[in-house]
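Per our numbering, the very first residue in the sequence shown carries number 8; after that it's consecutive.
Glycine included, C-beta positions come from ideal geometry on N, C-alpha and C.
Have a look at the structure below, then the notes.
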Amino acid sequence: MKPIKVGLLGFGTVGTGVVRIVEGHQEDLQRQTGAPIEVAKVLVRDLEKQRNLRISSDLVTANPWEVIRNPEIDVVVEVMGGIEPTKGYILEALEQGKHVVTANKDLMALHGPEILAKAAEKGCDVFYEASVAGGIPIIRTLIEGFSSDRITKIMGIVNGTTNYILSKMSQEGADYAEVLAEAQKLGYAESDPTSDVEGLDAARKMTILATLGFHSKVALSDVSVKGISNVSKEDILYGKKLGYEVKLLGIAERKDDSISVSVQPTMVKMSHPLATVNGVFNAVYVYGEAVGETMFYGPGAGELPTATSVVADLVRVGKNMGLGVAGRSGLMAYKEKKLKSDEEIASKFYILLHVADKAGVLHKITEVFSDQDVSLESVFQQPNPAIPQAEIIIITHNAIQASMNKVLKQFETLDVIHEIKSVYRVEG
Ligand SMILES: NC(=O)C1=CN([C@@H]2O[C@H](COP(=O)(O)OP(=O)(O)OC[C@H]3O[C@@H](n4cnc5c(N)ncnc54)[C@H](OP(=O)(O)O)[C@@H]3O)[C@@H](O)[C@H]2O)C=CC1
Ligand SMILES: N[C@@H](CC=O)C(=O)O
Ligand code: NA
């Protein structure tokens with residue numbers, strides 16, 4: 008039986024996991040694909056690096072063309088990351104008639120349509136399950152499981168690093184910088200963790216999910232993004248007091264055929280299932296008109312969970328090769344895209360203010376809200392000897408962003424408000 012020969016681009020956290028699973032689960036994989044899967048070549052950047060090799064050192068190269076233009080190789084698995092030179096390598100591999108499996112959300116969010124078009128032209132498969140929510144099979148769920156439904160909302164905790172940080176801050180009062188270093192050590196973070204903590208990694212994943220869920224070409228630039236680097240211990244503490252957990256939430260909604268996609272720290276009501284997702288775990292909540300509410304949960308990053316998705320994609324390629332049906336993974340983005348402006352988006356809001364600790368302050372603040380027709384769900388005030396001022400924590404009822412912006416603008420003119428510390432969207 009002719010083996011399915013695989014060339015790996017990258018042999019870091021995910022690449023090592025791929026080799027481990029291909030080796031450890033070989034018999035089961037072979038039963039499904041009908042042929043053995045063989046890692047034939049592995050590209051790395053630095054040949055001198057100390058590695059725990061599970062393959063013959065002869066297979067390791069620093070020359071990309073030994074993988075991409077190797078006539079023996081059937082499938083290129085891209086787990087090196089980044090946009091360039093990676094995009095060029097993938098396009099060349101497709102040009103050479105090779106199928107591609109990738110974990111690269113940066114690339115798929117920015118250039119997915121171009122890569123998928125090239126694959127369709129060449130009759131090759133491109134699968135990218137690991138690119139969103141590492142070990143959760145959410146991409147094939149959207150493409151296949153919900154092909155009969157109309158999805159109207161996708162809400163996700165789709166970044167493992169930030170969820171790990173926020174959970175440790177909430178549960179153990181841990182220090183932000185220390186937990187980030189831990190997440191890096193555990194192999195969860197991107198090579199530049201700024202894209203994790205500033206929300207860009209989650210925005211890339213939401214771009215992919217929204218494109219698949221709404222059948223419209225959502226661009227990364229359509230996503231409004233805010234990360235967690237300014238989330239304070241205070242926010243987490245006060246959120247808890249009021250019954251909320253702070254989560255970095257991606258929210259994609261379609262209403263009256265207009266789409267909005269955002270990523271931001273959000274107060275999630277503790278009774279909502281997303282509030283209970285902790286550590287490196289991810290979860291994606293999907294609402295379909297026919298199916299109603301669904302939720303998918305699992306590890307969002309890490310060596311073996313991510314590699315599970317990569318190897319599952321490899322099995323799919325192997326099956327398609329056997330059946331002669333490769334090359335049909337094109338992007339089904341057939342709907343015109345209409346974007347909703349941020350100003351029109353309605354939600355509840357959490358606001359933390361530092362104010363003068365004197366009579367009449369609360370009255371002035373509530374007056375501003377009523378001027379803008381924003382009603383309040385709860386207001387909580389306490390002195391804070393550390394500042395020394397008072398802190399006011401407010402949760403509003405549903406209000407559109409435009410009204411909230413006007414409230415915040417008016418707050419800036421009130422001398423009793425010393426600082427608007429935080430403003431977050433509230434869900435649940
Ligand atoms: N880690 C995770 O949990 C997850 C990662 N991903 C995605 O998977 C991909 C890989 O991530 P991860 O394994 O963590 O990354 P690592 O940094 O651990 O590994 C990257 C590998 O690619 C090689 N490499 C990088 N750039 C080049 C280059 N220009 N030429 C040749 N080789 C190169 C590196 O070589 P060398 O070893 O010599 O440095 C290394 O072996 C990324 O796209 C990431 O976003 C997706 C889901 C989860
Ligand atoms: N850095 C990413 C890795 C998986 O995509 C994360 O933390 O989720
Ligand atoms: Na996935």
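Item: Selected residue, minimal CA-CA separation from residue 213, among 81, 55, 405 and 116; Value: 116
Item: DSSP-derived helix/strand/coil call for residue 295; Value: strand
Item: 6 Å CB neighbourhood of residue 86 in its chain, flanking five on each side removed; Value: 17, 21, 22 and 110
Item: Beta-carbon spacing of residue 13, residue 69 below 8 Å; Value: no
Item: Residues with C-beta closer than 6 Å to any heavy atom of ligand 2, in chain order; Value: 141, 166, 167, 168, 195, 196, 197, 203, 208, 307 and 308
Item: Counterpart residues of residue 289 in DSSP-defined beta bridges; Value: 305
Item: At least 3 beta-carbon pairs within less than 8 Å: the segment 252 to 272 vs the segment 215 to 232; Value: yes
Item: 6 Å CB neighbourhood of residue 300 in its chain, flanking five on each side removed; Value: 294
Item: contact_flag[the segment 121 to 134, the segment 97 to 105] where n(CB pairs < 8 Å) is 3 or more; Value: yes
Item: Close beta carbons around residue 410, own chain, < 8 Å, minus the five adjacent residues each side; Value: 379, 380 and 381
Item: Closer than 7 Å: residue 137 CB and nearest ligand 3 heavy atom; Value: yes
Item: Limits of the alpha helix (DSSP H) - the one that residue 75 falls within; Value: 72 to 75
Item: Closest by C-alpha distance to residue 278, when choosing among 249, 288, 298 and 291; Value: 249
Item: Residue 403 burial status per 10 Å Cβ neighbour count (16 or more: buried); Value: buried
Item: Range of the contiguous alpha helix (DSSP H) that encloses residue 312; Value: 310 to 330
Item: Cβ-based neighbour list, residue 308, same chain, cut-off 6 Å, excluding 5 preceding and 5 following; Value: 141, 167, 195 and 287
Item: Contact check, residue 424 vs residue 324, beta carbons under 8 Å; Value: no
Item: Start-to-end residues for the beta strand (DSSP E) that takes in residue 3; Value: This structure leaves residue 3 out entirely; the chain is present only between 8 and 435.
Item: Buried or exposed (CB count within 10 angstroms, at least 16 for buried), residue 401; Value: buried
Item: For residue 106 and residue 256, the rounded distance between their alpha carbons; Value: 33 Å
Item: Backbone CA spacing between residue 296 and residue 341 [nearest angstrom]; Value: 19 Å
Item: Buried or exposed (CB count within 10 angstroms, at least 16 for buried), residue 393; Value: exposed
Item: Contacting residues, own chain, Cβ-Cβ under 6 Å from residue 186 (five flanking each side not counted); Value: 172 and 175
Item: Under the three-state DSSP convention, the category residue 277 falls into; Value: coil
Item: Delimiting residues of the alpha helix (DSSP H) encompassing residue 24; Value: 20 to 31
Item: Whole-angstrom distance between residue 160 and residue 369, CA atom to CA atom; Value: 36 Å
Item: Any non-hydrogen atom of ligand 1 within 7 Å of residue 48 CB; Value: no
Item: Neighbour-count burial assignment, residue 88, 16 or more Cβ in a 10 Å radius; Value: buried
Item: Top-ranked residue by Cα proximity to residue 61, from 55, 39, 31 and 82; Value: 31
Item: Cα-Cα separation, residue 9 to residue 197; Value: 36 Å
Item: CB contact below 8 Å: residue 159 versus chain D; Value: Among the chains in the structure shown there is no chain D, since it carries only a single protein chain.
Item: C-beta atoms of residue 318 and residue 303 nearer than 8 Å; Value: no
Item: Residues sharing a beta bridge with residue 356, DSSP; Value: 432
Item: Residues bridged to residue 386 (per DSSP); Value: 401
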